[in-house]
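In my numbering, the protein residues as written are -12 to 656. No residue lacks a Cβ here, since even glycine has one placed at the ideal position from N, Cα and C. Please read all numbers here as calculations on a predicted model, not as lab measurements.
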């Protein structure tokens, strides 16, 4: 055994013939004294410092552009959406580098240092007058503003680019690194809940304290505090190095996608439908978890089909651009299965991106007094959204029984966020009514005599929706994505948000050009119509009907698979929102037998069909023990069915009982 690592021997049977073993893991990954909850303070502490810094400059950027760089409000909104979109697309870059080359720890440390450079330049811009345009001056009844020079814009964009690169490279990569410290899915789920709770609390600190200092004391001091917070976060993160369990990268995780596609096209004429399990290539020295080729996307199975031309001189087989392992093929199928569900998030990410900027524009035109003296900064109103998100995450984790599945959290979050857009439209309608009552349409920059605290209602509802949606989405992707793409999995939510912000900029520009809803003075516009439009966009998630169709709950069909013969055919058809039936057609019986499972699953939003044949699943026949009314537990792990059904990562057995011919789930996992 080599000192660089330990070799784990994992054995299993495939079609009763081939034995599979093998995976070599590093000492860093399996060191008994590394990983676990001892790493939580260092990971979370590092994230807190970086998030306080990132939130401090990003959350108030729109106000900085309008008040210090003399950018018009709608133009600032478009610029802000592009920057926010970039902030959320860059985590994919960090995740790719972590998965492919260096691992999470070096990536987080490096990008955090890059963020420090951006903080330094932003502090200089705010402190040195020559790096920004002069303040707007009132001449007579008109307001005259000096446009920023190309040099000033160049310095500003350089600072924002460095800060965005640093923020994007650390935000979700550090979340993956934190989850890697735990082996049990339950611990990983708890980590994600508390991680996002700490993340939102950090943003609360930056949106309240730092933004208040920027608006009331000085932008230079505010950005300077961001620099200090970033530096402290980096130091805390580095202090935990000796406790971290570091998973070493295994090369570019995206190469296998291209290899599978090329091999499948090359062998497209091969007959994968009639091939036996032993005809496929499972790899040499690769952990395959007893995976056998599945029926879905059958054309891709050709990529793992062994042919005479794939043989080496010694008669062995090796991975190439013409031959892939079954595990690689199944990993690509997993990505193809999850992508439609992932894409539906764009329909919600886009409205959230637009509304984020519009809330600030609303607050700038409303009465922001809290008491006779204190004025709430416009950028600080996002704190109500963050507080609602943090509280909802805590309540969901501690007080909501039963534990919600990731799909259920996503579905509930979608519905709540659509409600938030409707509430926003009603509040804006009320605000425009006050504008007309006081004849403020033709008075640019006037403050509407309506409390900005009205915005708390819509921001809070939106935050509650995010508390359901975002952690559920991250947990779902982390569970479903292949092991080689774990960093990418957690960054996929950020990618959704980034695409949403870019589409937000495009839609804002389109609405600005084609309607009169978004003038520079929103008192003259129809912002309520924009919010109604956002609600309609969000509703497209339900119309697309993808959540239930493309990610079926595999646990719900397991008992039907186990209690059947290998010749049986099943067709499972959805009948309504929470109920579906399974018709069993068997060669051993005349007629049809029907079993019904009633399960409330908010992830199913549409009718769906699955058709599959059962071949060599491990049971030739399994009769009900005793009478039909006698409850019994079916331990699928003991029957060695879980690996063959794609559930090798399940930690607990599934329990079912039979009553009057109906199969019920007695334990909800």
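Residue i versus residue j: straight-line alpha-carbon distance, rounded
i: residue 74; j: residue 509; result: 27 angstroms
i: residue 209; j: residue 350; result: 21 angstroms
i: residue 72; j: residue 257; result: 44 angstroms
i: residue 91; j: residue 151; result: 18 angstroms
i: residue 448; j: residue 355; result: 20 angstroms
i: residue 400; j: residue 381; result: 15 angstroms
i: residue 69; j: residue 488; result: 6 angstroms
i: residue 353; j: residue 500; result: 25 angstroms
i: residue 365; j: residue 372; result: 13 angstroms
i: residue 40; j: residue 186; result: 12 angstroms
i: residue 200; j: residue 194; result: 10 angstroms
i: residue 242; j: residue 84; result: 13 angstroms
i: residue 82; j: residue 156; result: 7 angstroms
i: residue 34; j: residue 219; result: 10 angstroms
i: residue 281; j: residue 317; result: 8 angstroms
i: residue 408; j: residue 522; result: 5 angstroms
i: residue 266; j: residue 467; result: 27 angstroms
i: residue 461; j: residue 160; result: 12 angstroms
i: residue 494; j: residue 342; result: 12 angstroms
i: residue 558; j: residue 526; result: Any reading at residue 558 must be qualified, since the residue scores a pLDDT of 35, below 50, and its modelled position is unreliable; the value itself is stated next. Rounded to whole angstroms, residue 558 to residue 526 spans 30 angstroms at the Cα level.
i: residue 103; j: residue 154; result: 10 angstroms
i: residue 385; j: residue 378; result: 11 angstroms
Residue range of the unbroken alpha helix (DSSP H) whose run includes residue i
i: residue 326; result: 313 to 331
i: residue 433; result: Neither: residue 433 is in no alpha helix (DSSP H) and is coded neither H nor E.
i: residue 425; result: Note, residue 425: premise wrong, no alpha helix (DSSP H); not H, not E.
i: residue 372; result: 369 to 386
i: residue 75; result: 60 to 84
i: residue 22; result: First-last for residue 22: undefined, no H or E at that position.
i: residue 44; result: 27 to 45
i: residue 464; result: 442 to 467
i: residue 504; result: Run containing residue 504: none; DSSP gives neither H nor E here.
i: residue 268; result: Note, residue 268: premise wrong, no alpha helix (DSSP H); not H, not E.
i: residue 55; result: 48 to 55
i: residue 203; result: 198 to 203
i: residue 185; result: 172 to 192
Test item: CB-CB of residue i and residue j under 9 angstroms
i: residue 28; j: residue 270; result: no
i: residue 450; j: residue 376; result: yes
i: residue 249; j: residue 287; result: no
i: residue 458; j: residue 230; result: no
i: residue 361; j: residue 439; result: no
i: residue 78; j: residue 158; result: yes
i: residue 61; j: residue 507; result: yes
i: residue 344; j: residue 481; result: no
i: residue 310; j: residue 293; result: yes
i: residue 45; j: residue 465; result: no
Test: residue i CB closer than 9 angstroms to a CB of chain B
i: residue 417; result: Any reference to chain B falls outside this structure, which holds one protein chain only.
Of the listed residues the options, nearest to residue i (C-alpha basis)
i: residue 414; options: 445, 345, 110; result: 445
i: residue 43; options: 89, 110, 63, 318; result: 110
i: residue 417; options: 472, 407, 367, 513; result: 513
i: residue 217; options: 84, 96, 23; result: 96
i: residue 429; options: 438, 419, 466; result: 419
i: residue 180; options: 37, 330, 396; result: 396
i: residue 191; options: 98, 36, 325, 105; result: 36
i: residue 123; options: 409, 53, 66, 25; result: 53
i: residue 455; options: 492, 393, 483, 472; result: 393
i: residue 518; options: 87, 160, 340; result: 340
i: residue 202; options: 117, 494, 431, 51; result: 51
i: residue 406; options: 335, 358, 383, 434; result: 335
i: residue 132; options: 119, 468, 49; result: 119
i: residue 107; options: 421, 189, 378, 214; result: 214
i: residue 657; options: 138, 348, 421; result: Here the chain covers residues -12 to 656 and nothing more, so residue 657 does not appear.
i: residue 24; options: 154, 116, 173, 139; result: 173
i: residue 333; options: 486, 154, 503; result: 486
i: residue 658; options: 452, 65, 421, 22; result: What the structure shows of the chain is the stretch from -12 to 656, and residue 658 is not part of that stretch, so it cannot be assessed.
i: residue 319; options: 463, 297, 291, 296; result: 291
i: residue 252; options: 285, 225, 178, 321; result: 285
i: residue 298; options: 289, 283, 321, 268; result: 268
i: residue 196; options: 162, 421, 47; result: 47
Presumed contact (8 angstroms Cβ cut-off) between residue i and residue j, rounded CB distance
i: residue 164; j: residue 313; result: Contact flag wrong, Cβ pair sits at about 29 angstroms.
i: residue 235; j: residue 168; result: That pair is no contact at about 15 angstroms.
i: residue 143; j: residue 56; result: 7 angstroms
i: residue 221; j: residue 99; result: 4 angstroms
i: residue 146; j: residue 207; result: Not really, about 13 angstroms apart at Cβ, beyond 8 angstroms.
i: residue 383; j: residue 374; result: Between residue 374 and residue 383 the Cβ distance is about 15 angstroms, and since that is not below 8 angstroms, they are no contact.
Residue i: CB within 8 angstroms of a non-hydrogen atom of the ligand FAD
i: residue 168; result: Ligands displayed in this structure: none; no statement on the ligand FAD is therefore possible.
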